[in-house]
Structure formats: C-alpha cells, structure tokens
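**Q** If you scroll down you'll find the structure; I have some questions about it.
2 protein chains.
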Amino acid sequence: MRKLKTSRQPEILDAALAIADERGLDALSMRAVAERVGVTPMALYGYFRNKDELLDGLVGRLLTKLVAEDAERIGPGLEGAWNERLGAIAWATRRLAREHPSVFPLLLSRPSVTPDGVRVVDLLYQALIEAGVPDADVPRIERMVSTFVIGFAISEVNGRFSGGSNETRTRRGVDAPAHRRLAGHLAARDWDAEFAADLADLMRIIRPV
Amino acid sequence: MRKLKTSRQPEILDAALAIADERGLDALSMRAVAERVGVTPMALYGYFRNKDELLDGLVGRLLTKLVAEDAERIGPGLEGAWNERLGAIAWATRRLAREHPSVFPLLLSRPSVTPDGVRVVDLLYQALIEAGVPDADVPRIERMVSTFVIGFAISEVNGRFSGGSNETRTRRGVDAPAHRRLAGHLAARDWDAEFAADLADLMRIIRPV
DNA sequence: ACCTGAACACCGTTCAAGT
DNA sequence: ACCTGAACACCGTTCAAGT
Numbered sequence: 001m002r003k004l005k006t007s008r009q010p011e012i013l014d015a016a017l018a019i020a021d022e023r024g025l026d027a028l029s030m031r032a033v034a035e036r037v038g039v040t041p042m043a044l045y046g047y048f049r050n051k052d053e054l055l056d057g058l059v060g061r062l063l064t065k066l067v068a069e070d071a072e073r074i075g076p077g078l079e080g081a082w083n084e085r086l087g088a089i090a091w092a093t094r095r096l097a098r099e100h101p102s103v104f105p106l107l108l109s110r111p112s113v114t115p116d117g118v119r120v121v122d123l124l125y126q127a128l129i130e131a132g133v134p135d136a137d138v139p140r141i142e143r144m145v146s147t148f149v150i151g152f153a154i155s156e157v158n159g160r161f162s163g164g165s166n167e168t169r170t171r172r173g174v175d176a177p178a179h180r181r182l183a184g185h186l187a188a189r190d191w192d193a194e195f196a197a198d199l200a201d202l203m204r205i206i207r208p209v
Numbered sequence: 001m002r003k004l005k006t007s008r009q010p011e012i013l014d015a016a017l018a019i020a021d022e023r024g025l026d027a028l029s030m031r032a033v034a035e036r037v038g039v040t041p042m043a044l045y046g047y048f049r050n051k052d053e054l055l056d057g058l059v060g061r062l063l064t065k066l067v068a069e070d071a072e073r074i075g076p077g078l079e080g081a082w083n084e085r086l087g088a089i090a091w092a093t094r095r096l097a098r099e100h101p102s103v104f105p106l107l108l109s110r111p112s113v114t115p116d117g118v119r120v121v122d123l124l125y126q127a128l129i130e131a132g133v134p135d136a137d138v139p140r141i142e143r144m145v146s147t148f149v150i151g152f153a154i155s156e157v158n159g160r161f162s163g164g165s166n167e168t169r170t171r172r173g174v175d176a177p178a179h180r181r182l183a184g185h186l187a188a189r190d191w192d193a194e195f196a197a198d199l200a201d202l203m204r205i206i207r208p209v
C-alpha cells in the first residue's frame, strides 16, 4: 500500500469533474482525465490508487462544495432557526445535483466519511437537536432526511419522476384502477413545489406542531 | 430502429441477473452474459439494442419480482388495511435490495415505466387513497415514500450508513460538536428497527393521528 | 519525487456474412 | 429467423524504466 502524492490531487479532481459534467460519467476514463491534465494515464496512479478512489475523491469534492456554500450562506453558519438551516442544506443539496448530475448519484453509493462529509452531517445534527429531537433519535432522523433529499435529487436528475407520459401510464392492458381515478392529477409537476411540500411534511415529523 | 426478438429475452435476463448477483455489476459485460447463455456476444444484439436496454430489462425484472411477491402475499392483493399493504411493499422492496444488491440501485436511475412498474405504483396509490390522502396529493406522497424506501435500501446495501466507525466520525481535527454530544448514540444500529421507525414516521405524514 | 512506454487482458458495438 | 467472425476504437492496470 504505497503512499500517495497529494500535490496535484485537486487539479486531477477538477479535470475529472469537468469531464463528467460535460460528457457524462461514461466518458470519465482515466485516460480522458490524464489527457486533460496533460499527463500520461499512468501518472494518475501516483495520486489515486485506482479509478474507484478517484471517484471517492469526486464525492468528497461535492461535499466540500456543500459546506462551502453553507458557510458563505450567512457567515459562521449557525444563524437562523433550525428549520431554515435544515432547509438551506436541503435546497443546496438539490442544486448540487443539478450542477453535477453525473457525479451526484455516487453520493448514495459511497460511505464518504471525509471531514467535509462529517461537517455536513454535524450541521444537520445541530439543527435536529435544536428542533427538540431527542438525542437518541437524531442520527436516525438525519439518515431519514438525507436519504430522502439525496434520493429525490437523484430521481429528478435521472428522470425517474418524469419518465413515461400520462398515456404510457394509463395505457390499456395494465390493470391500474388508481391511475384511472387519479388521471387528472398525473400531469407533469413543478418539482420545486413538490420538493418544498415534501420538506414541509418532513419538518412535521421532526417537530410535530 | 430494428424490431427486436423476444423469444430468449427472459433467458438472457436470467443470465445477466445471475452474473450481477454472483460477481457484481462490473462483471456484467455483454461478453460474460453471452458466454453464460452459450452464444456469441453479437447474438444478444438481436434481443436488446445495447447494454443500456439490457439493464433496463433487468430493472423490469426486479419490478416483476416485486408484484409477484405482493400477489402471493395474500391472494388477490387488496386484503388488509392500507398501512399493512403499504408496509408489505416497503419491506418487500428492501428485501429485494438485499437479494440483488448490485442491480437494485438502478431502480433510482431509470424511469422504468414497464407494466409491472405501473402495477406497483398503482398498489401504492390505492393504499394512499384508502388512507384518506386527497387525490391531488397521492402522486406526490407516492413519490416521497418510494424515494425514501429505495434510497434507504440502496444506502444500506452500499454501506453508506455504516461507513466510517465512530472513531472516524469523532476524530480530532474535524470540528463536530454535535457528534461529540451524540457520541453515545452513534454506535452501529439495527437497521430493521430503524427502517420500521422511519416507516412509522412516514405513516404519520400520510394519516395524522 | 515524478513521470513515461509498452504491454495485458479486457470492453461495447458495427458490419458483412452465414444457416 | 437466428447466429457468427473479424475488426474497430476503446478500457483499467501492471511492470520496468527513465529524469
């Protein structure tokens, strides 16, 4: 297990993120990253043990952007009521998914306990504590909220919500009585509004009114 | 856009699912599937236009297994109270993730409006209607619940929840006050119990007591 | 300390051809 | 109707060598 160089890691991750953003995750090859950095593919293996670790680095990058955005939101980071702070992180997370739709889904597949990952979780913990959630329930509620937020953002950028028109869904041949009854409510949605409504519902779990 | 053969599609999907289950998604190559089916790689392209469509077929398979299990649960499928039926689907979904951990995450990345996909959604719609959710809110709540359930199951099979021990999380160098305060509650969890608690919370959104 | 070149064992997919 | 063979343009990664 050789020791890795760190000097050019940020530069390499920048290149990798740019490629994924511009041409998708399938285009993100070690060879493509190397070319963009202006180096031989093999040079990358001095900085990342393999492609998987480079992808982990990319997830770390996303989390860093998230804490950075939260930090500049309102200075030290603890201004505002708990529900405003929690909402700010949720919306920032969703924005991040739209900025980096190819890389974002990796958030759900990789543990990523980088320092910045811990920092984000800690901000959520603080908000939940302030909301009055019992200490014993805080980690569970954090996982529930973050799972939903990340899952929603992934579904959205991947088209899981919009896939299949109304006609497809209510097509004859599938026995779908509830779809028929709800036909008038199956039109394309305003996902901003839906995300807001979902968050409001979750807030009511966190602190029943 | 040539017309595809269907005769051996199920056989091919069986082979693909077996490879993914046994050796992971990275090992799922067209060549490996072909070998298992006993055919040349190129023969597969008569049944699926490309690898992506084969993966879509795999997602369809998962959904088919889900409706099959639900159907045999209690016969016609509409016995039991709404919360029991909704819970049964949620737990069956989570079981499916454990059976096919490599393929399951694709559920969140692919629209998949196959007939069986619509059937699952319709069962959820029916439960929510019976719970008293206003028609206009049913599709949103369905998306919220399914997003959470799938996201939870993916996080679990991918180790997102367990990654990083306590020590890692509370390691010095990261300023994480809430982690320090919650140190006693950050031990490894019983995910069955946590999933149950989360579902109970969601049920309270669906039908406030 | 950092990088390169050549090589190995793979990929998905196209095209033309075969029964 | 169904399948094959050869080929193209790629992959990630190892190893030995170079400055």
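Going line by line, the protein sequences match chains F and Y.
For the first sequence, UniProt numbering begins at 1 and goes up steadily by one.
For the second sequence, UniProt numbering begins at 1 and goes up steadily by one.
All C-beta atoms, glycine included, are put in the ideal place defined by N, C-alpha and C.
These figures come from a predicted structure and were not determined experimentally.
Just the chain F side, please: which residues come within less than 9 Å of P111/Y by C-beta, in chain order?
**A** Correct list: N158, G159, R160, F161, S162, G163 and G164.
**Q** List the residues of chain Y whose Cβ lies closer than 8 Å to the Cβ of Q126/F, in chain order.
**A** Neighbours of Q126/F on chain Y, chain order: P177 and A178.
**Q** Does the CB of G46/Y have a neighbour CB from chain F at under 9 Å?
**A** By this cut-off, G46/Y is not an interface position.
**Q** Mind listing the chain Y neighbours of E194/F? Cutoff is C-beta to C-beta under 8 Å, in chain order.
**A** Within 8 Å Cβ-Cβ: R140 and R143.
**Q** So with Cβ pairs under 9 Å, would you call residue 220/Y a contact of chain F?
**A** Beyond the ends of chain Y as shown, which are 1 and 209, falls residue 220/Y; an answer cannot be given.
**Q** Does DSSP classify F152/Y as helix, strand or coil?
**A** In the structure shown, F152/Y sits in a helix (DSSP, three-state: H, G or I).
**Q** What's the gap between the Cα of G117/Y and the Cα of G60/Y?
**A** Spanning the two alpha carbons is a distance of roughly 7 Å.
**Q** How many angstroms separate the CA atom of P208/Y from the CA atom of F195/F?
**A** Their backbone Cα atoms lie some 20 Å apart in a straight line.
**Q** Quick check on A32/Y: does DSSP put it in helix, strand or coil?
**A** Helix, per DSSP.
**Q** For A20/Y and E84/F, what's the separation of their Cα atoms in angstroms?
**A** Spanning the two alpha carbons is a distance of roughly 43 Å.
**Q** Could you tell me whether the region 132–147 of chain Y touches the region 122–136 of chain F, where touching means 3 or more Cβ pairs closer than 8 Å?
**A** Result no; under three Cβ-Cβ pairs closer than 8 Å.
**Q** Starting from R119/Y, find everything on chain F with Cβ-Cβ shorter than 8 Å and list it in chain order.
**A** Correct list: V174, D175 and A176.
**Q** How would you list, in chain order, the residues of chain Y whose beta-carbon sits under 8 Å from the beta-carbon of A68/F?
**A** The contacting residues do not exist; A68/F stays about 15 Å from chain Y at best.
**Q** Would you mind giving the Cβ-Cβ distance between I12/F and Y47/F, rounded to the nearest angstrom? I have them listed as a contact below 8 Å.
**A** Indeed they touch by this definition, with Cβ atoms about 6 Å apart.
**Q** In chain order, what residues of the same chain lie with their CB nearer than 6 Å to the CB of V149/F, ignoring the 5 residues before and after it?
**A** Taken in chain order, the residues that qualify are A90 and T93.
**Q** For L182/Y, tell me which candidate among H185/F, K5/F, L128/F and D201/F has the shortest Cα-Cα distance.
**A** With distances taken between Cα atoms, L182/Y lies closest to L128/F.
**Q** What runs of the alpha helix (DSSP H), each 4 residues or longer, lie entirely inside the region 80–131 of chain Y?
**A** Listed in chain order, the complete alpha helix (DSSP H) runs (minimum 4 residues) inside the region 80–131 of chain Y are 82–99 and 115–131.
**Q** Please report whether the beta-carbon of A20/F lies at a distance below 9 Å from any beta-carbon of chain Y.
**A** A20/F does not count as touching chain Y.
**Q** Which word fits T147/F, buried or exposed, when buried means at least 16 other C-beta atoms lie within 10 angstroms of its C-beta?
**A** T147/F comes out buried.
**Q** Counting only C-beta atoms, is R23/Y closer than 9 Å to chain F at any point?
**A** So, not an interface residue.
**Q** Can you confirm whether T93/Y, when its beta carbon is compared against all beta carbons of chain F, has any partner nearer than 9 Å?
**A** Closer than 9 Å: no.
**Q** Label S102/F either buried or exposed according to how many other C-beta atoms from any shown protein chain fall within 10 Å of its C-beta, with 16 as the threshold for buried.
**A** That one is buried.
**Q** For L58/F, I'd like the list of residues in its chain whose CB is within less than 8 Å of its CB, leaving aside the five on either flank, ordered along the chain.
**A** Same-chain partners within the cutoff: L13, A16, L17, A20, V103 and L106.
**Q** Measuring alpha carbon to alpha carbon, tell me which of M203/F, A81/F and S7/F ends up nearest I141/F.
**A** Looking at the Cα atoms, M203/F is the closest of the given residues.
**Q** Tell me, please, whether the CB atom of H185/Y is closer than 9 Å to any CB atom in chain F?
**A** With 9 Å as the cut-off, H185/Y counts as an interface residue toward chain F.
**Q** Comparing the C-beta of A136/F with each C-beta of chain Y, is any distance below 9 Å?
**A** Yes, A136/F counts as interfacial toward chain Y.
**Q** Confirm, please, whether the CB-CB distance from H179/Y to D122/F is below 9 Å.
**A** Yes.
**Q** Tell me, please, whether the CB atom of I154/F is closer than 9 Å to any CB atom in chain Y?
**A** It does; some Cβ of chain Y falls within 9 Å.
**Q** Could you check what DSSP says for Q146/F in three-state terms: helix, strand or coil?
**A** Rather than Gln, the amino acid found at residue 146/F in this sequence is Ser. Note: S146/F maps to helix in three-state DSSP.
**Q** Quick check: the Cα distance between V113/F and L4/Y, rounded to an integer number of angstroms?
**A** So the two alpha carbons sit approximately 45 Å from each other.
**Q** Going by Cα to Cα distance, which pick from P41/Y, K51/Y and R2/Y is closest to L25/Y?
**A** Considering only alpha carbons, the answer is K51/Y.
**Q** Between which residues of its own chain and E69/F is the CB-CB distance below 7 Å, once the five residues before and five after are set aside?
**A** Here the set comprises A92.
**Q** Assign K51/Y to one of three DSSP states: helix, strand, or coil.
**A** Correct three-state label for K51/Y: helix.
**Q** Find the nearest neighbour of R98/Y within the set S29/Y, F152/Y and Y125/Y, judged by alpha-carbon distance.
**A** Checking every option, the nearest Cα to that of R98/Y belongs to F152/Y.
**Q** Taking a contact to mean a Cβ-Cβ separation below 9 Å, would you say I62/Y touches L96/Y in this structure?
**A** Per the sequence shown, residue 62/Y should be read as Leu rather than Ile. Against a cut-off of 9 Å, the Cβ pair of L96/Y and L62/Y comes out as a contact.
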